[in-house]
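Contents: one structure, followed by commentary.
Number of protein chains: 2
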Amino acid sequence: MPKHTILLVDDEVAIRDMLSVALEAADFNVLKAENAQQAHAMIIDHQPDLALLDWMMPGTTGLELLRRLKRDELTAKIPVIMLTAKAEEDSKISGLDAGADDYLPKPFSPRELISRVKAVLRRVGREDLQEPITVGELLLDPLGHRVSISGQPINLGPTEYRLLQFFLTHQERVYSRGQILDYVWGGNVYLDERTVDVHIRRLRKAISVAGHENYVQTVRGAGYRFSVQLQNG
Amino acid sequence: MPKHTILLVDDEVAIRDMLSVALEAADFNVLKAENAQQAHAMIIDHQPDLALLDWMMPGTTGLELLRRLKRDELTAKIPVIMLTAKAEEDSKISGLDAGADDYLPKPFSPRELISRVKAVLRRVGREDLQEPITVGELLLDPLGHRVSISGQPINLGPTEYRLLQFFLTHQERVYSRGQILDYVWGGNVYLDERTVDVHIRRLRKAISVAGHENYVQTVRGAGYRFSVQLQNG
DNA sequence: GATAACATGACACAAATATGACAGCGATAT
DNA sequence: ATATCGCTGTCATATTTGTGTCATGTTATC
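Chains as they are written, first to last, in my numbering: chain A, 3 to 235; chain B, 3 to 235.
Structure below.
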């Protein structure tokens, strides 16, 4: 089981430290940010599994950051728990409205935080990544981290696996090499875009059994697409 | 995917250089301007995909330039990110009010800048071109970058695809070859206007199923038109 | 039927993508 | 430590596909 990465955003050092200790004790990787700008950059760079946002922060508030995250497809699916001071009662409503997954009024115990975090991860984990996806004879099982065609196991490198998983969860749509780098490699890696070509090739090669490589389609001048429909007529 | 072009406007050479290096590293084309006049001219000439405007500049300020851009239809759609010094807290409001797409308080890291730029480009890129367009049995799906007639996939080269997309979004109106070159090929290319004829021909050929080629109509002495109504009455 | 505007097919060149090889790197085993 | 192995990103090269121009054939208009 890979460790989950949690991004913790709060402007007060003391709170950041306390919570990060608690989270690390619960076996999470913790990233810290003290303002919305930093947080946003980290989210794009590291694609954490969950973000804890303080409601009130100098500059851009947590709520604003939340809205921004939800507006962008790349970050929209990252679950968010808002941390708010008790006074701000109605913040709950606007927070959940804006797409927060949970809401935790201060003061709260580290123990409570951990259980909420785990609950949210369980919930979204179930929805998104956990169920096997199958296309034709191709099967990708996220739980077992396995891929097979007609029952025959397929060997993929980590990158090819993520690439395939990305394609399977984003079918019938073209993605530019840049987008693919963002989604599969994570934001802000400066790689040659041609690198994508090479991994596409490796993926195709790996799944080239009974024509399954034809699902991975080249769209000249635009990028690549995973599609069940054949390329031409 | 064509490279995006970013216009960077700041009066300080050091900042211009630093940011332009970062942007180029992220594979953008970068145009630089040191004042609002220059910037305005460049925007009209080169139609960048996005503009980064420094808030405070000698002479016309970034905010003024922003307002001017939003007032002119030709430039209104170009997304703008404002760069502001930390002190100017409320500038945020007026900036977003005036139509800026994002707002980035100094100091910021190049990385943060890149991720904002990408986020904005993703967001605006999505708005316009997203919805599938259908005419008769003809279907163009921008997301999948696909064209089909009665469900049968049609194979188009990149240029023919753009040409068709242009026609579908600008129906029932004649465009001269020069205009078509501008819109489909982009502003500053010098090509023989007859080239348009050839691509019209290729497009017609590609969609000549069940008479769909008749939508692309020749208007003698004027140019071409995409129309659902038949040519001669 | 003369003339200008457009259509068409062919072609050389350009651009985009596919492919194979390789060196660096980190993890694991020895 | 050191050797080994699998994975990655980059490069050079091959291959495929798209592009603009031209020469020539067709059509509309007067």
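For glycine and all other residues, C-beta sits at the position ideal for the given N, C-alpha and C.
- In the three-state scheme derived from DSSP, where H, G and I count as helix and E and B as strand, Val137/B is classed as strand.
- At a cut-off of 9 Å between beta-carbon atoms, Ala53/A makes no contact with chain B.
- Of all residues in the region 107–120 of chain B, only Pro107, Phe110, Ser111, Arg113, Glu114, Ile116, Ser117, Arg118 and Lys120 come within less than 8 Å of chain A when Cβ atoms are compared, listed by chain position.
- Within the same chain, Val211 come within 8 Å of Gln154/B by CB-CB distance, once the 5 residues on both sides are set aside.
- Note on Val191/A: under 16 other CB atoms within 10 angstroms of its CB, so exposed under the neighbour-count rule.
- Beta-carbon to beta-carbon, Thr86/B and Lys108/B are separated by about 7 Å, close enough to satisfy the 8 Å threshold.
- At a cut-off of 9 Å between C-beta atoms, Asn157/B counts as an interface residue with respect to chain A.
- Residue ranges of uninterrupted beta strand (DSSP E) with 3 or more members, entirely inside the region 189–230 of chain B and ordered along the chain, are 218–221 and 225–228.
- With the criterion set as a beta carbon lying under 8 Å from some beta carbon of chain B, the members of the region 219–232 of chain A are Val221, Arg222, Gly223, Ala224, Gly225, Arg227, Ser229, Gln231 and Leu232, in sequence order.
- Around the C-beta of Ser229/A, 16 or more other C-beta atoms lie within 10 Å, and the residue is accordingly described as buried.
- By the Cβ-count criterion, His147/A is exposed, with fewer than 16 other Cβ atoms from all chains shown falling within 10 Å of its own Cβ.
- Counting the other CB atoms within 10 Å of its CB gives Arg124/A a total below 16, which places it among the exposed residues.
- Taking a Cβ-Cβ cut-off of 8 Å, the neighbours of Pro160/B in chain A comprise Arg222, Gly223 and Ala224, given in sequence order.
- For Lys34/A, the uninterrupted beta strand (DSSP E) segment begins and ends at Asn31 to Ala35.
- Beta bridge pairing from DSSP links Pro107/B with Thr86/B.
- Boundaries for Leu158/B: no beta strand (DSSP E) harbours it, and the DSSP string shows neither H nor E there.
- Against Ala28/B, the close residues of chain A are Tyr192, in the order they occur along the chain (beta-carbon pairs closer than 7 Å).
- Within chain B, not a single residue places a beta-carbon under 7 Å from that of Ala35/A; the smallest gap is close to 11 Å.
- Per DSSP, the beta bridge partners of Tyr177/A are Tyr226/A.
- Straight-line spacing of the CA atoms in Asn216/A and Tyr185/A works out to 22 Å.
- If you check each beta-carbon in the region 137–156 of chain B against every beta-carbon of chain A, the ones closer than 7 Å belong to Leu145, Gly146, His147, Gln154 and Pro155.
- The DSSP-derived three-state label of Thr62/B is coil.
- Asp194/B counts as exposed, since fewer than 16 other beta carbons sit within 10 angstroms of its beta carbon.
- When Val200/B, Leu232/B and Arg196/B are compared, the shortest CA-CA separation from Gly213/B is found for Leu232/B.
- Just measuring C-alpha positions, the residue of Glu162/A, Pro112/A, Asp13/A and Ile80/A sitting nearest Val23/A is Pro112/A.
- As a beta-bridge residue in DSSP terms, Thr7/A pairs with Asn31/A.
- Per the DSSP secondary-structure output, Arg148/B pairs in a beta bridge with Asp143/B.
- Ile151/B is not a Cβ neighbour of Leu166/B, given a cutoff of 9 Å.
- The beta carbon of Leu33/B is closer than 8 Å to those of Thr7, Ile8, Leu9, Leu10, Met44, His48 and Pro50 in its chain, skipping five residues each way along the sequence.
- Residues of chain A with a Cβ closer than 8 Å to the Cβ of Arg206/B do not exist, since the nearest Cβ in that chain sits about 17 Å away.
- Under the DSSP assignment, Leu232/A falls outside any beta strand (DSSP E); it carries neither an H nor an E label.
- Rounded to whole angstroms, the separation of the alpha carbons of Ile182/A and Asp74/A is 15 Å.
- Residue environment analysis places Glu162/B among the buried positions, since at least 16 neighbouring C-beta atoms fall within 10 angstroms of its C-beta.
- Straight through space, the alpha carbons of Arg227/A and Val221/A are spaced by roughly 7 Å.
- Annotated three-state conformation of Asp13/A is coil, per DSSP.
- Residue Ile209/A holds the alpha-carbon nearest to the alpha-carbon of Gly138/A among Leu145/A, Ile209/A and Gly223/A.
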